[in-house]
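Since the structure comes first, as structure tokens, the remarks are kept for the end.
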Amino acid sequence: MNMRLVIFSGMMMMIVGTIAGLGASKYSEKHYQCCNIGPALDLGYSQSRAPRTYAIAGAAMGFIFGSTLELVRQSTPQEAKKR
1 MNMRLVIFSG MMMMIVGTIA GLGASKYSEK HYQCCNIGPA LDLGYSQSRA PRTYAIAGAA
61 MGFIFGSTLE LVRQSTPQEA KKR
């Protein structure tokens with residue numbers, strides 16, 4: 001089993017997960033309301049909801065998914081050769 005390939009695959013999926021997390025953060029942003037109807041702290045523009053949290057969650061899920069996928073890919077041929 002090539003652990004360098006497993007870690008590399010996990011890191012590539014981590015990058016994809018980070019981008020997906022930032023996209024989800026941008027997609028879930030609050031719509032701007034005028035006339036001070038919204039919260040007391042009004043910045044004058046809509047902002048993403050916790051982009052760092054979404055990015056970290058996406059990166060963690062991407063790393064786990066990528067590493068697991070590569071482990072499954074590498075273990076399947078070895079099982080077939082043993083039989």
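By the UniProt record's numbering, the letter at position 8 of the sequence shown is numbered 8, and the numbering carries on one by one without gaps.
For glycine and all other residues, C-beta sits at the position ideal for the given N, C-alpha and C.
Opening and closing residue of the alpha helix (DSSP H) in which Met-12 lies
Its alpha helix (DSSP H) spans residues 3 to 27.
Out of Pro-51, Gly-10 and Leu-71, which has the shortest C-alpha to C-alpha gap to Ser-25?
Pro-51
When burial is assigned at 16 or more other CB atoms within 10 Å of the CB, is Glu-70 buried or exposed?
In this structure Glu-70 is buried. Its beta-carbon is surrounded by 16 or more other beta-carbon atoms within 10 angstroms.
Alpha carbon to alpha carbon, how far is Tyr-54 from Val-6?
Whole-angstrom Cα-Cα distance: 24 Å.
Leaving out five residues before and five after Met-13 in sequence, what residues of the same chain have Cβ atoms less than 6 Å from its Cβ?
Gly-62, Phe-65 and Gly-66
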